[in-house]
Amino acid sequence: MTIYTVNKKKFELKNVEETVIGSIEYQSSNFSEAVVLLADTFNLQLIATGVWVTIFNDVAAEKVMTNIKVEAGGTMSIRKFYKRKKYTFKKSANWKLRFSLFNADGDELLTIVPTVNWKNESHDFNLQLNEDFENECDAFLILQALHCANCSLSMMQGGSVPALISA
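Numbering (my numbering), first residue to last: 7 to 173.
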């Protein structure tokens, strides 16, 4: 799978045949609201400082699918409620900027390597999936990780940084 940057607010996830299988489109440049398109449509929205939820708008009721939260130490957590799983999104400490997504056991599921795209005033992303965990890395999770990468890059480049308070 590959991530294609359409513009600074829209990103597409393509399969090996270059068919679009999902996308995320932000409503504003501060990443507070987005629409995630897969087979179904989901709304990603900022509900508190450093906390986003992804909601599936069913005919019967809204269902919260994930909760993304900025944690201490520059990490972000993704909780998938429907599968009862938690993932950790981290920036590498190496000189080369890269982001990794880990499952609860500490296994690296995927890596996202950003490069500056001056033409789109955004970033292009190189997606690297761990073959041993491809079944766990569905398109929905990859787009959630891409959202974490966009928010992290925004914070590193002077965007709003959530206040972290220990409760």
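For every residue, glycine included, the Cβ atom is placed at its ideal position computed from N, Cα and C. All values reported here derive from a predicted model rather than from experimental measurement.
Contact check for Thr11 against Asn123 passes: the beta carbons are separated by less than 8 angstroms.
Here the alpha carbons of Arg104 and Gly79 stand approximately 16 angstroms from one another. Per DSSP, the continuous beta strand (DSSP E) segment holding Ala40 begins and ends at Glu39 to Leu43. Here the alpha carbons of Val119 and Tyr93 stand approximately 18 angstroms from one another. The C-beta distance from Ile84 to Gln150 rounds to 5 angstroms, short enough to fall under 8 angstroms. Rounded to whole angstroms, the Cβ separation of Lys75 and Val57 is 5 angstroms, and the two are in contact under 8 angstroms.
A residue is called buried once 16 or more other Cβ atoms fall within 10 Å of its Cβ, and Lys97 is buried on that count. At the C-beta level, Ala155 and Leu44 stay beyond 8 angstroms of one another. By the Cβ-count criterion, Ser35 is exposed, with fewer than 16 other Cβ atoms from all chains shown falling within 10 Å of its own Cβ. A residue is called buried once 16 or more other Cβ atoms fall within 10 Å of its Cβ, and Ile148 is buried on that count. Sequence-distant Cβ neighbours of Asn63 in its own chain, meaning closer than 6 angstroms and more than five residues away, do not exist here.
For the pair Thr121 and Asp130, the CB atoms are nearer than the 8 angstroms cut-off. Between Lys14 and Glu127 the beta-carbon gap is near 5 angstroms, inside 8 angstroms, which marks them as a contact.
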